[in-house]
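S.K.: So that we are looking at the same thing, I have put the structure below in structure tokens.
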Amino acid sequence: MTFVRWFKRHLVVIAGLLTLGYLLLPNVVVTVFSFNDPKGRFNYEWQRFSTDAWTDPCGVADLCGSLSLSLRIAAWATLGATVLGTLIAFALVRYRFRARGAVNSLIFLPMAMPEVVMAASLLTLFLNMGVQLGFWTILIAHIMFCLSFVVTAVKARVMSMDPSLEQAAQDLYAGPLQTFLRVTLPIAAPGIAAGALLAFALSFDDFIITNFNAGATVTFPMFVWGSAQRGTPVQINVIGTAMFIVAVLLVLAGMVVGNRRRRHTA
Amino acid sequence: MTKDRGGDVRLSGISKTYGSFTAVEPLDLTVPQGSFFALLGASGCGKTTTLRMIAGLEEPTSGTVSLGDQDVTRLPPYKRPVNTVFQSYALFPHLDIFENVAFGLRRRGIKSVKKQVEEMLDLVQLGEQARKKPHQLSGGQQQRVAVARALINHPKVLLLDEPLGALDLKLRRQMQLELKRIQTEVGITFIHVTHDQEEAMTMADTVAVMNAGRVEQLGSPADLYENPQTTFVANFLGTSNLIEAEVDTHSGDEIVLTAGGGKLTLPQARCSAPTTTGGKVVVGVRPEKITLTHADDAGDIPEGRNRITGKIADTSFIGVSTQYVIDSPVCPEFEVYAQNIDRDTRLAPGAEVVLHWSPAHTFGLDAAQSLLAGTVGSAGVETAEPEAGVTVR
């Protein structure tokens, strides 16, 4: 009886913990198997504990090369998509021009279109134009599909901005550039940052569009996919775990900074 | 301070049109240095557009804006020695109160702002809140930050765009007095836009009543109230009873009129309209100037007073006074406010009464205008202003 009552009282917490477990279980498996010492080429069965892969993460041919390529593409795609997306978002919110409505809906098209269709049509386009497939075609494709996400994130922020804030800045002797740097940009920053994070994550782990348009170039997701057919090195789990830890640390750092700032102002 | 006229604001023939919509008709206006000036009108009358043209946030379609001897018509807002308190306050949400107030000083390249900012925050009694963010303050406090942020720049003119609109009634009253105190203390010209006639009359030395892009009348609050020149002003500032009458005879400096069979006397000096015999005139009287007498006592009313008969339709007791609505042949809803000194218990709905007042309290207006102009909900008053801040391409 007492158990039933205890269960009822803590139902929400239990459900929450179970869901969290469901979400994190794959990460736990990846982490655990990064310490495995597999017998064959496949890292699917637990043998014994080893830190070999952690001490030599680049020990597999082409792994670190593909990783650094993916990071470079993600960084450039983020930069390109964030700058263009922010400009588009401001244009769509602030100005009335012909075909504004059409542009507004066309921006969402890449998000709605099946990725594989977009990948195939992009490849057709590149081949017809006679473009050499590789780093640049991947980058162009990534900026293209990241744009819609950045625009959506920044637009929401800019729309909720009171236009009189910029007028107030101008009224208080800030010229156009100062107004943009001191008022517009800081206020829109959370939206821009959200858009940039989204763009980075999307670009870094994109497989379908990249696989179609990469030519002979191999990004990290393509490397993982390729090796999964021939045998999975433990180093993949090491990289996966490291990325997870970096992401968690970034989120924690963000929370600490936010808390400190809030306590400072309160 | 020397007799510097650098704070005079002169608008010469400024107008503003948006496509086919005229927000402000060509307008001439001079606001003398150091005065507290109110632009009063219903929403959509062009008062905010006028203010924004002075601030430089809106470019006039025609005409010029001058501050003292300087023509500032073509100057962008950040080069005008004018600051604005916005209706939404427009405090920068990412900066604390100190930095909000220091913003204007820093943009003008002033390095040591600490002392000035602290003095200004003390003036508006917010010294303790310097390190808070705007959203942590109450509405009234935010409003004071907005005033401090503008005043710290010692503008030649401070523009206030309905700054008290978002506050509740009690706080609004308090802030009206507070703003008046600050204005007296700093001696800067204030131009205040409001739709609240009581607010305009409480605070301003001079009020310009605007309607449909035009200034209907300009004057001191008492002058506007006692001598309205148009039915719009008569109705928009307080309440007026308006009667259509016909000119009967002129006798000396008085005009005798007929209305609904009775006779009314109007001093010539208080009539702004032409009065040819047989012509029509609108006669007005304020509700508090009228005395109510029960019809049985009609004989006791002194000679020489204007009188009208009617029947009480409704009464409402509101403490200091009682408000009566009288059904009369000359005016369907005559309003009378009576101080609650000696209450005549016979003055209940249905009672026959005589309304009488001194002819000196009568004013005459041109009959060629709507009697309902300026009353709430009448045509032309509640047209919306085009949304500010959106760039139209």
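For the record, the sequence lines run as chains B and A. For this note's numbering, count along the first sequence from 1 and bump the result up by 8. For this note's numbering, count along the second sequence from 1 and bump the result up by 209. We put the CB at the ideal spot given by N, CA and C, even for glycine. Because the structure is a prediction, the values reported are computed rather than measured.
1) Any chance you could list the beta strand (DSSP E) runs of at least 3 consecutive residues sitting entirely within the region 254-318 of chain A, in chain order?
2) By the 10 Å Cβ neighbour count, where 16 or more other Cβ atoms means buried, how is PHE301/A classified, buried or exposed?
3) Counting only C-beta atoms, is ALA196/B closer than 8 Å to chain A at any point?
4) For GLY248/B, which of ILE22/B, PHE15/B, PHE41/B and THR27/B has the nearest alpha-carbon?
5) Please state whether DSSP places ASP523/A in a helix, a strand or coil.
6) Using the DSSP secondary-structure output, state which residues sit across from GLY573/A in a beta bridge.
7) GLY583/A to THR458/A, Cα distance in whole Å?
8) Given a limit of 7 Å on CB to CB distance, which residues of the region 291-324 of chain A reach chain B?
9) Are the beta-carbon atoms belonging to GLU267/A and THR258/A less than 8 Å from one another?
10) Which complete alpha helix (DSSP H) runs does the region 185-221 of chain B hold, if anything under 4 residues is left out?
11) Listing by chain order, which chain A residues have their CB less than 7 Å from the CB of GLY183/B?
12) Note down the Cα distance separating THR226/A from PHE134/B, rounded to an integer number of angstroms.
13) What residue ranges within the region 356-419 of chain A form continuous alpha helix (DSSP H) runs of no fewer than 4 residues, ordered along the chain?
14) Along the region 330-361 of chain A, where does the CB come closer than 9 Å to a CB of chain B? Name the residues.
15) Nearest-angstrom Cα distance between ALA236/B and PHE116/B?
16) For ARG516/A, list the residues DSSP reports as bridge partners.
17) Quick check: is the beta carbon of LEU117/B nearer than 8 Å to any beta carbon in chain A?
18) Just reading off the beta strand (DSSP E) that HIS503/A is part of, what are its end residues?
19) Would you list the one or two residues that DSSP bridges to GLU453/A?
20) If distances are taken between C-alpha atoms only, which option among GLY262/B, MET263/B and VAL256/B comes closest to LEU32/B?
21) Mind checking if LEU266/A is an interface residue toward chain B, Cβ cutoff 8 Å exclusive?
22) Whose C-beta lies closer than 7 Å to the C-beta of PRO290/A among residues of the same chain, with five residues either side of it excluded?
23) Identify the contact partners of LEU173/B in chain A, using a Cβ-Cβ distance below 7 Å as the criterion.
24) With 9 Å as the C-beta to C-beta threshold (strictly closer), list the residues of the region 38-63 of chain B near chain C in chain order.
25) Distance check for SER579/A and ASP509/A, CA to CA, integer angstroms please.
26) Listing by chain order, which chain A residues have their CB less than 8 Å from the CB of LEU100/B?
27) Check whether the Cβ of ALA593/A lies closer than 8 Å to any Cβ atom in chain B.
28) Return yes when the Cβ of ALA264/A is within less than 8 Å of the Cβ of LEU368/A, no when it is not.
29) Give the straight-line distance between the Cα atoms of GLY183/B and MET329/A, rounded to the nearest whole angstrom.
30) Find the nearest neighbour of ARG555/A within the set ASP305/A, ALA299/A, HIS503/A and THR531/A, judged by alpha-carbon distance.
31) Do ASN515/A and THR474/A have their C-beta atoms within less than 8 Å of each other?
32) Below 7 Å CB to CB, which residues in the same chain sit around VAL402/A once its five sequence neighbours on both sides are set aside?
33) At a Cβ threshold of 8 Å, is GLN186/B touching chain A?
34) Is any beta-carbon of chain B found at less than 8 Å from that of ARG602/A?
35) Residues of chain A with CB under 7 Å from VAL332/B, in chain order?
36) Since ARG423/A sits in a beta bridge, which residues does DSSP pair it with?
M.R.: In brief:
1) 271-276 and 291-294
2) buried
3) no
4) PHE41/B
5) strand
6) CYS480/A and VAL492/A
7) 30 Å
8) ASN292, THR293, PHE295, SER297, ALA299, PHE301, PRO302, HIS303, ASP305, PHE312, GLY313, ARG316 and ARG317
9) yes
10) 193-212 and 216-221
11) TYR287
12) 51 Å
13) 378-395 and 406-412
14) ARG340, LYS341, LYS342, GLN345, ALA355, ARG358 and ALA359
15) 34 Å
16) HIS565/A
17) no
18) 500-503
19) VAL491/A
20) VAL256/B
21) yes
22) LEU276, PRO364 and LYS365
23) ALA299 and PHE301
24) Reference to chain C is not applicable here, since the protein chains of this structure are B and A.
25) 36 Å
26) By Cβ distance, chain A contributes nothing, its closest Cβ being about 13 Å from LEU100/B, past 8 Å.
27) Unreliable placement is indicated for ALA593/A, whose pLDDT of 39 sits below 50; no coordinate value is reported for it.
28) yes
29) 24 Å
30) HIS503/A
31) yes
32) LEU248, LYS256, THR257, LEU260, LEU369, ASP370 and GLU371
33) yes
34) The predicted model places ARG602/A with a pLDDT of 38, which falls under 50 and marks its position as unreliable; any figure quoted below should be read in that light. It does; some Cβ of chain B falls within 8 Å.
35) Because chain B in this structure spans residues 9 to 274, residue 332/B falls outside the shown range and cannot be described.
36) ASN420/A
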